[in-house]
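To keep things clear, I will list the structure first and then write my remarks on it.
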Amino acid sequence: MNEKQQLLLQNLKNIKDYWTKTAVESLNPRSDLIWSEHEDEYKNLQTKLTSKEDLNDYTKVQSEIIKGVIHSILVMIDGGDELADNYLIDLVDRETKESLQKEFALHEEFESFLLDNEEE
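Sequential numbering from -14 applies to the sequence shown in the numbering used here.
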């Protein structure tokens, strides 16, 4: 994996971690929910998910869902879904015009990257 591919995967992990943390922090009744279009739903969950175990479970579920969404997008970019029947997408470095997918399946490498870089 080259430096640019590593940077891409790290950024995707950071996005996943940020939104997982934001979702969990939004269960705190004192949190600012201005970012959300579903404040009432968060307020409802705030009354139900209150224990440390509840928050830990919610963290794991949110992380898994966000990871799944990112993985699905990467599969699409890699040409592994029905979109590839119509056209292919590529991530290209603007300066070098080099594909970040060269000899590299983004969705597979993202999974490997997370295994190597996440704490459980």
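Don't be surprised by glycine CBs; every beta carbon is placed ideally from N, CA and C.
Keep in mind it's a predicted model, so treat the numbers as computed, not measured.
Limits of the alpha helix (DSSP H) - the one that residue i falls within
| i | result |
| --- | --- |
| Ser48 | Lys37 to Ile62 |
| Trp118 | This structure leaves residue 118 out entirely; the chain is present only between -14 and 105. |
| Thr7 | Glu(-12) to Glu10 |
| Leu99 | Leu91 to Asn102 |
CA nearest to the CA of residue i, picked from the options
| i | options | result |
| --- | --- | --- |
| Val103 | Asp2, Gln(-10), Gln(-9) and Leu(-7) | Note that residue 103 is Glu in the sequence shown, not Val. Nearest C-alpha to Glu103: Asp2. |
| Val46 | Val9, Arg79 and Asn29 | Val9 |
| Leu40 | Glu80, Gly65 and Asn13 | Asn13 |
Sequence-distant residues of the same chain with beta carbon closer than 7 angstroms to residue i, five excluded per side
| i | result |
| --- | --- |
| Ala90 | Asp63 |
| Arg15 | none |
| Leu30 | Leu12 |
8 angstroms CB neighbourhood of residue i in its chain, flanking five on each side removed
| i | result |
| --- | --- |
| Leu(-7) | Leu76, Leu85 and Leu91 |
Whether residue i touches residue j by CB criterion (9 angstroms)
| i | j | result |
| --- | --- | --- |
| Glu109 | Gln(-5) | With the chain represented from -14 up to 105, any question about residue 109 goes unanswered, as that position is not in the structure. |
| Thr44 | Thr5 | yes |
| Ser48 | Tyr27 | no |
| Glu96 | His56 | yes |
| Leu99 | Lys37 | no |
| Met148 | Ile74 | For the chain, the structure presents residues -14 to 105; residue 148 sits outside this window and is missing. |
Near the ligand COA: residue i beta-carbon under 8 angstroms from a heavy atom
| i | result |
| --- | --- |
| Leu18 | In the structure shown, the ligand COA is absent, as is every other ligand, since no ligand is present at all. |
Contact set for residue i: own chain, Cβ-Cβ below 6 angstroms, skip 5 residues either direction
| i | result |
| --- | --- |
| Ile58 | none |
Could you say if the stretch 14 to 27 and the stretch 65 to 79 meet the contact criterion of at least three C-beta pairs nearer than 8 angstroms?
-> no
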